[in-house]
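Everything in the sequence shown is counted per the working numbering, starting at 1 for the first residue and increasing by one. The beta-carbon is built from N, C-alpha and C at its ideal position, and this holds for glycine as well. Note that the coordinates shown come from a computational prediction; the quantities given were computed from them, not determined experimentally.
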Amino acid sequence: MEAVIVVDMLVDFVHGKLAAARAAALIDPLARLLGAARAAAKPVIYVGDAHLPHDFELRLWGEHAMRGSDGARVIPELTPHKDDYLFEKRSYSAFFETGLDSLLRSRSVDTLVLTGLHTHICVRHTAADAFFRGYRIVVPTDCVTAFAEAEHESGLEYLHRIYGAELTTGRDLADRWSRRI
Ligand code: ZN
Numbered sequence: 001m002e003a004v005i006v007v008d009m010l011v012d013f014v015h016g017k018l019a020a021a022r023a024a025a026l027i028d029p030l031a032r033l034l035g036a037a038r039a040a041a042k043p044v045i046y047v048g049d050a051h052l053p054h055d056f057e058l059r060l061w062g063e064h065a066m067r068g069s070d071g072a073r074v075i076p077e078l079t080p081h082k083d084d085y086l087f088e089k090r091s092y093s094a095f096f097e098t099g100l101d102s103l104l105r106s107r108s109v110d111t112l113v114l115t116g117l118h119t120h121i122c123v124r125h126t127a128a129d130a131f132f133r134g135y136r137i138v139v140p141t142d143c144v145t146a147f148a149e150a151e152h153e154s155g156l157e158y159l160h161r162i163y164g165a166e167l168t169t170g171r172d173l174a175d176r177w178s179r180r181i
């Protein structure tokens with residue numbers, strides 16, 4: 001069973017304090033992918049920053065996506081649906097102290113489709129934790145991005161070489177799911 005993980009598609013990362021100009025380009029392909037996942041009854045799981053004031057990571061990045069703030073909300077274009085899951089994180093990995101792993105096991109998930117921001121930071125660290133736990137990893141390359149093209153490209157290569165991530169596209173995944181392969 002595959003699940004789609006949507007990392008940090010939050011107001012601060014798309015439109016706000018730490019916005020990447022490239023992030024807006026993810027919205028349409030990601031919306032289509034999530035629609036296909038829901039139609040195929042694949043779990044859709046949002047994991048986003050929800051920082052507390054003294055979180056370690058803020059030393060490096062400054063305040064962003066503070067818990068309860070508008071900046072920490074999922075962007076309105078990708079508002080979670082009723083049956084989607086929503087987890088808060090306080091560091092890069094979607095697994096770190098979030099409870100994600102037990103949810104995945106309870107849903108018999110063995111393959112993670114990683115999407116969102118950023119290819120070389122939170123997607124990469126989520127992939128590391130997924131790899132350590134034995135999940136297979138699929139990355140639709142049009143549904144992840146970074147601040148700059150070089151970070152994105154080197155991030156994808158790292159995901160493929162080090163975690164064995166299958167690199168594909170949102171359209172290819174949607175096609176597979178509609179054929180129920
Ligand atoms: Zn953060």
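Just checking residue i against the ligand ZN - is the residue's beta carbon closer than 8 Å to any of the ligand's heavy atoms?
{"i": "E57", "result": "yes"}
{"i": "H64", "result": "yes"}
{"i": "H125", "result": "no"}
{"i": "Y92", "result": "yes"}
{"i": "D28", "result": "no"}
{"i": "D49", "result": "yes"}
{"i": "W177", "result": "no"}
Measure from the alpha carbon of residue i to the alpha carbon of each residue in the options, then state which is nearest.
{"i": "G71", "options": "D28, A19, R105", "result": "A19"}
{"i": "A192", "options": "A94, A39, I121", "result": "In the structure displayed, the chain extends from 1 to 181; residue 192 sits before or after that span and is not available."}
{"i": "T126", "options": "V7, Y85, G68", "result": "V7"}
{"i": "A165", "options": "D129, Y46, I27", "result": "D129"}
Is residue i helix, strand or coil by DSSP?
{"i": "A128", "result": "helix"}
{"i": "A24", "result": "helix"}
{"i": "T168", "result": "strand"}
{"i": "A3", "result": "strand"}
{"i": "L18", "result": "coil"}
{"i": "L174", "result": "It is worth fixing the name first, because residue 174 is Ala in this sequence and not Leu. A174 falls in the helix class under three-state DSSP."}
So residue i is in the alpha helix (DSSP H); what residue range does that whole segment cover?
{"i": "P29", "result": "27-39"}
{"i": "I137", "result": "Where I137 is concerned, there is no enclosing alpha helix (DSSP H), although the beta strand (DSSP E) it sits in stretches over 136-140."}
{"i": "E149", "result": "149-163"}
{"i": "R59", "result": "58-61"}
{"i": "L103", "result": "100-106"}
Start and end of the beta strand (DSSP E) containing residue i?
{"i": "G48", "result": "44-49"}
{"i": "F87", "result": "85-89"}
{"i": "L117", "result": "111-117"}
With which residues is residue i paired in a DSSP beta bridge?
{"i": "M66", "result": "H51"}
{"i": "T145", "result": "L117"}
{"i": "V74", "result": "L10"}
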